[in-house]
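Enquirer: So the sequence shown is residues 2 to 431, counted in our numbering. By construction, the Cβ of each residue, glycine as well, lies at the ideal position given by its N, Cα and C atoms.
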Amino acid sequence: MSGDLRIGIAGLGTVGGGVAKLLRDQADLLAARCGRTIRVTAVAARDKAKDRGVDLSACRWHDDARALAGDPDVDVVVELIGGSDGVARELIEAAIAAGKPVVTANKALLALHGTVLAKAAETAGVPLAYEAAVAGGIPVIKALREGLAANRVKRVHGILNGTCNYILTTMRETGREFADVLADAQKLGYAEADPSFDVDGIDAAHKLAILSSVAFGRELDFAGIHVEGIRHVSALDLAFAEQLGYRIKLLGIAGVTDHGIEQRVHPCMVPLAAPIAHVEGVFNAVFVEAEPVGNVLLTGRGAGEGPTASAVVADILDIARGHHAPVLGLPPSRLAPGETAPMGRHYGAYYIRLMVKDQPGVIADVAAAFRDNAVSMESVLQQARDPSGPVPVVITTHETEEAGMMRAIQRIAALGSVVEPPRLIRIEAL
Ligand SMILES: NC(=O)C1=CN([C@@H]2O[C@H](COP(=O)(O)OP(=O)(O)OC[C@H]3O[C@@H](n4cnc5c(N)ncnc54)[C@H](OP(=O)(O)O)[C@@H]3O)[C@@H](O)[C@H]2O)C=CC1
Ligand SMILES: N[C@@H](CC=O)C(=O)O
Ligand code: NA
């Protein structure tokens, strides 16, 4: 490709609008960096009349976004609609079939159909770029696929959802309620169209599936990921965590274990001494452990208009320069099958908070449930004394296998003296 690079943008919301503005504002810089002018020639969204904060009157408008794939004035299709099926998927498939490079931020689509789409793109010989889909503005796909290409990755973990990190940080700092803080994240443009994707850990799992595929050279296995969100993290747990020398973060973790590659997303107790404990607000972080490089920590903004547009435009620039790497880091025929180690085999330490009736024998019953399932307690904390109502009891354990821990928790939950479902948070030794 030479001459002007003509861009068609589907979706003009937080990210699409941001991309149009960034291409306008940095036009000279981008042209200097790739030796070509990058122009938006066509756009599509639902509402033609909506003000996008950028003049798009010179662009062709398509009522049907899928028509961008066949528009003769579009060289590159940028999909910023979202959703794991429907128009976004059909547009990307049509663009690949038409031999047009695709840039997308759509992690939901890639997590579920990434292997098939990557194979289609490789077969057609067209780039499928998705830097914005994982950790927004942090160039983590480029880092793993290119900068760290000489390494064998052992483990990758990170804060992959800006909305959850913003909520956990703000709840801890201000004592405000979960729903109230979530509404703020939605106003700031961080949250997904359906915010339950954020708070239930699904968005982080989408990103982890992609990250893990690129890190370990495997087909994606979103269905195999163990996923828990942050709805049950209470102000009480946030405070106990600090008291014990931890901070609670929603982490995505993928790593090599004796039972295969583990993939899990859940709230974690992270030691306050770990750098990731201090990644706050909408910031994301990705920590890679690899040989021979050692440890690499990347941090930056994972959501919002500017950071996400930054990643989308970097992908466009790569295409303008004629630079592209295999979609998932390896030719599709070399990808290993995507299989995930069973969560029951996870081996780690745990924080458990019980609300119990303050009466004799409670701790003995709890300790017996742990003993019978080979779980060794590290500490027990009961601060308040209140014979009239339930009191919190916090237990931390030594490292143990998850399956035994779950059997113990089931037995503890059934005790008459335990008045609420036990709260369990895994402790990560980072
Ligand atoms: N927001 C963020 O911080 C980040 C978002 N992403 C991803 O980027 C993508 C876009 O997200 P975001 O910009 O936040 O979403 P928004 O909801 O802000 O924007 C979605 C856009 O898609 C348009 N749209 C929706 N349905 C259709 C359709 N059927 N045909 C044509 N256009 C349609 C909407 O049109 P209209 O405006 O007319 O309603 C809107 O312009 C998603 O995949 C998301 O996961 C990735 C990283 C960060
Ligand atoms: N909803 C996502 C947006 C970026 O992917 C988040 O909060 O991180
Ligand atoms: Na990124």
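#1: Quickly, what does DSSP pair residue 269 with across the bridge? List them, please.
#2: Under 8 Å, do residue 299 and residue 144 count as touching if we go by C-beta distance?
#3: Specify, as a first and last residue, the run of the alpha helix (DSSP H) that residue 208 falls within.
#4: Which residues are close to ligand 2, meaning CB closer than 6 Å to any heavy atom, in chain order?
#5: For the segment 70–77 against the segment 3–18, are there 3 or more C-beta pairs whose distance is under 8 Å?
#6: So for residue 396, helix, strand or coil by DSSP?
#7: Does DSSP classify residue 335 as helix, strand or coil?
#8: Tell me, which residues are paired with residue 227 by DSSP?
#9: Of all the options 127, 189, 159, which has the alpha carbon lying nearest to the alpha carbon of residue 213?
#10: So within the segment 100–167, which uninterrupted beta strand (DSSP E) runs reach at least 3 residues, ignoring any that extend past its ends?
#11: What would DSSP say about residue 34, mapped onto helix, strand or coil?
#12: Name the residue from 400, 255, 107 whose alpha carbon lies nearest to the alpha carbon of residue 352.
#13: Evaluate contact between the segment 106–114 and the segment 122–141, counting only Cβ atoms and requiring at least three cross-stretch pairs below 8 Å.
#14: Leaving out the 5 sequence neighbours to the left and right, which residues in its chain are closer than 6 Å to residue 216 when beta-carbon positions are compared?
#15: Taking DSSP as the reference, what is the three-state secondary structure of residue 197?
#16: Does at least one heavy atom of ligand 1 sit under 7 Å from the Cβ of residue 42?
#17: What does residue 348 pair with, by DSSP beta-bridge criteria?
#18: Taking just the CA atoms, how far does residue 163 sit from residue 275?
#19: Does DSSP classify residue 15 as helix, strand or coil?
#20: Ligand 5 and residue 88: does any heavy atom of the ligand fall closer than 7 Å to the residue's C-beta?
#21: Does residue 380 come out as helix, strand or coil in the three-state DSSP assignment?
#22: I'd like to know whether the C-beta atoms of residue 225 and residue 345 end up nearer to each other than 8 Å.
#23: Based on Cα-Cα distance, which residue from 12, 190, 272 lies nearest to residue 88?
#24: On the DSSP letters alone, give me the boundaries of the alpha helix (DSSP H) that residue 367 sits inside.
#25: Opposite residue 256 in the DSSP bridges: which residues?
#26: Confirm the yes/no value for this check: CB of residue 107, any heavy atom of ligand 1, distance under 7 Å.
#27: Drop a sphere of 10 angstroms on the beta-carbon of residue 264, count the other beta-carbons inside from all chains shown, and report buried for 16 or more, exposed for fewer.
Expert: Checking against the coordinates, here is how it stands:
#1: Along the sequence shown, read from residue 1 onward, the residue named residue 269 stands at position 268. Bridge pairing for residue 269: 250, 427 [DSSP].
#2: Translated into the one-based positions of the sequence shown, residue 299 becomes position 298. Translated into the one-based positions of the sequence shown, residue 144 becomes position 143. With a cutoff of 8 Å on beta-carbon distance, residue 299 and residue 144 are scored as near each other.
#3: Locating residue 208 in the sequence shown gives position 207, where the first residue counts as 1. Run containing residue 208: 203–217, per the alpha helix (DSSP H) assignment.
#4: Result (chain order): 137, 162, 163, 164, 191, 192, 193, 199, 204, 303, 304.
#5: Note that the segment 70–77 touches the segment 3–18; at least 3 beta-carbon pairs, one per stretch, sit closer than 8 Å.
#6: As a working mapping, residue 396 is identified with position 395 in the sequence shown. DSSP, read as helix, strand or coil, puts residue 396 in strand.
#7: Reading the sequence shown from its first residue, position 334 is the one you call residue 335. Here residue 335 sits in helix by DSSP.
#8: Locating residue 227 in the sequence shown gives position 226, where the first residue counts as 1. Residue 227 is bridged to 265.
#9: By one-based count along the sequence shown, residue 213 stands at place 212. Minimum Cα distance to residue 213 is reached at 159.
#10: Within the segment 100–167, the complete beta strand (DSSP E) runs of at least 3 residues are 103–105, 153–160.
#11: Start at 1 with the first residue of the sequence shown, and residue 34 comes out as number 33. Helix at residue 34.
#12: By one-based count along the sequence shown, residue 352 stands at place 351. Closest by alpha carbon: 400.
#13: Cβ pair count under 8 Å is three or more, so yes.
#14: Residue numbering aside, residue 216 sits at position 215 when the sequence shown is read from its first letter. Same-chain partners within the cutoff: 145, 154, 157.
#15: Start at 1 with the first residue of the sequence shown, and residue 197 comes out as number 196. Residue 197: helix per DSSP, three-state reduction.
#16: Here residue 42 refers to the residue found at position 41 when the sequence shown is read from its first residue. In this structure, residue 42 has its CB at a distance of at least 7 Å from all heavy atoms of ligand 1.
#17: Here residue 348 refers to the residue found at position 347 of the sequence shown. In the DSSP output, where bridge partners are listed per residue, residue 348 has 402.
#18: Along the sequence shown, one-based indexing puts residue 275 at 274. Along the sequence shown, one-based indexing puts residue 163 at 162. Rounded to the nearest angstrom, the two C-alpha atoms are 19 Å apart.
#19: In the sequence shown, residue 15 corresponds to position 14, counting from 1. In the structure shown, residue 15 sits in a helix (DSSP, three-state: H, G or I).
#20: By its list of ligands, the structure shown excludes ligand 5, since it contains just ligand 1, ligand 2 and ligand 3.
#21: If you number the sequence shown from 1, residue 380 lands on position 379. For residue 380, the three-state secondary structure derived from DSSP is strand.
#22: Counting from one through the sequence shown, the residue named residue 225 turns up at place 224. Counting from one through the sequence shown, the residue named residue 345 turns up at place 344. Cβ atoms of residue 225 and residue 345: not closer than 8 Å.
#23: Residue 88 sits at position 87 when you count from the first residue of the sequence shown. Looking at the Cα atoms, 12 is the closest of the given residues.
#24: Translated into the one-based positions of the sequence shown, residue 367 becomes position 366. Its alpha helix (DSSP H) spans residues 363–373.
#25: Stepping through the sequence shown from its first residue, residue 256 is reached at position 255. Answer by DSSP bridge pairing, in chain order: 156, 263.
#26: Residue 107 sits at position 106 when you count from the first residue of the sequence shown. Checking the Cβ of residue 107 against ligand 1 gives yes.
#27: Taking the first residue of the sequence shown as 1, we reach residue 264 at position 263. Buried.
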